[in-house]
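Engineer: In the UniProt record's numbering, the protein residues as written are 1 to 237. Ideal placement from N, C-alpha and C gives every residue a C-beta, glycine not left out. Since the model is a prediction, treat every value here as computed from it, not as a measurement.
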Ligand code: GLN
């Protein structure tokens, strides 16, 4: 990122995909950048509008099956996100948004629907809806603390060799194979809501660090209180 320009955050399709307060991920990223003196510029891209190719960090949220299918069609046609990821932009994709990043996902009747193929994953409808709190240990290569959040999805996700699991599930379902989420390059996919970055500010810093480099530490007392309350409640249940 050039030092004289603002960090460009792109929030994709708030009119279709933004369940369970996923838009909070945008706020957390903005705040964590600004608290370090990094200016931010956020674009909310509605589904009728083109996705800019020049963003630094892209965010997409969860949604119901129909808006998910519509979003996948429009993003495929648009091509902006593909170009941005191709030139190294970072991305956090949540739930429906996560599934859309793969080659295929399950539609309303379980029919396979084409995704963007930006992550080497394939999703389909699972045996039962996964609803509840999730706790998972992050891949040690990323050096992040335990993930906390909640999930609500029908889909299960299979990873191909081009994607690494983001974390190993301790509580909850995640991908449905003992792991939760995945990452490849600067793209992170997860089933976590919460919002994910409010529950896991280290994940926000992972994305920021990929773009701006080394980050000054922040006082995260309040995030930590939320995390400990949630982790305590879930792990003692
Ligand atoms: N429609 C998808 C599923 O049920 C995603 C749900 C969501 O984003 N919460 O798997």
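1) Quick test of your reading: residue 180 and residue 203, contact by CB under 8 angstroms. State the CB separation rounded to the nearest angstrom.
2) Grouping DSSP H, G and I as helix and E and B as strand, with all else coil, what is residue 26?
3) Use the C-beta contact count for residue 169: other C-beta atoms within 10 angstroms, 16 or more gives buried, fewer gives exposed.
4) Do residue 207 and residue 38 have their CB atoms nearer than 7 angstroms?
5) Using C-beta distances below 6 angstroms, list every residue in its chain close to residue 117, excluding the 5 sequence neighbours before and after it, in chain order.
6) Measuring straight from C-alpha to C-alpha, what distance separates residue 121 and residue 190?
7) Less than 6 angstroms between the CB of residue 95 and some heavy atom of the ligand GLN, yes or no?
8) Classify residue 223 as helix, strand or coil using the three-state DSSP reduction.
9) Could you work out which residue in 227, 205, 211 is closest to residue 218 when comparing CA atoms only?
10) Would you say the beta carbon of residue 23 comes nearer than 6 angstroms to a heavy atom of the ligand GLN?
11) Would you say the region 47 to 61 touches the region 122 to 133, given that touching needs at least three Cβ pairs under 8 angstroms?
12) Cα separation between residue 11 and residue 22?
13) Rounded to the nearest angstrom, what separates residue 157 and residue 83 at their Cα positions?
Structural biologist: Looking at the coordinates:
1) As a first step, residue 180 is located in the chain shown; it is residue number 180 there, counting from the start. As a first step, residue 203 is located in the chain shown; it is residue number 203 there, counting from the start. At roughly 12 angstroms, the Cβ-Cβ gap does not stay under 8 angstroms, so residue 180 and residue 203 are not in contact.
2) Along the chain shown, one-based indexing puts residue 26 at 26. Note: residue 26 maps to helix in three-state DSSP.
3) What you label residue 169 is simply residue 169 of the chain shown in a count that begins at 1. Buried is the call here.
4) Indexing the chain shown from 1 puts residue 207 at position 207. Indexing the chain shown from 1 puts residue 38 at position 38. No.
5) As a working note, residue 117 is residue 117 in the chain shown. Around residue 117: 103.
6) Translated into the one-based positions of the chain shown, residue 121 becomes position 121. Translated into the one-based positions of the chain shown, residue 190 becomes position 190. So the alpha carbons of these two residues sit roughly 12 angstroms apart.
7) One-based indexing of the chain shown puts residue 95 at position 95. Residue 95 Cβ: within cutoff of the ligand GLN.
8) Taking the chain shown and counting its residues from 1, the one referred to as residue 223 is at position 223. In the structure shown, residue 223 sits in a helix (DSSP, three-state: H, G or I).
9) Working through the chain shown from its first residue, we reach residue 218 at position 218. Nearest option by C-alpha distance: 205.
10) Taking the chain shown and counting its residues from 1, one reaches residue 23 at position 23. Every heavy atom of the ligand GLN is 6 angstroms or more from the Cβ of residue 23, so no.
11) Not touching, per the Cβ criterion.
12) In the chain shown, counting from the first residue as 1, residue 11 sits at position 11. In the chain shown, counting from the first residue as 1, residue 22 sits at position 22. If you take the alpha carbons of residue 11 and residue 22, they lie about 10 angstroms apart.
13) Along the chain shown, read from residue 1 onward, the residue named residue 157 stands at position 157. Along the chain shown, read from residue 1 onward, the residue named residue 83 stands at position 83. Residue 157 and residue 83: Cα-Cα distance of roughly 24 angstroms.
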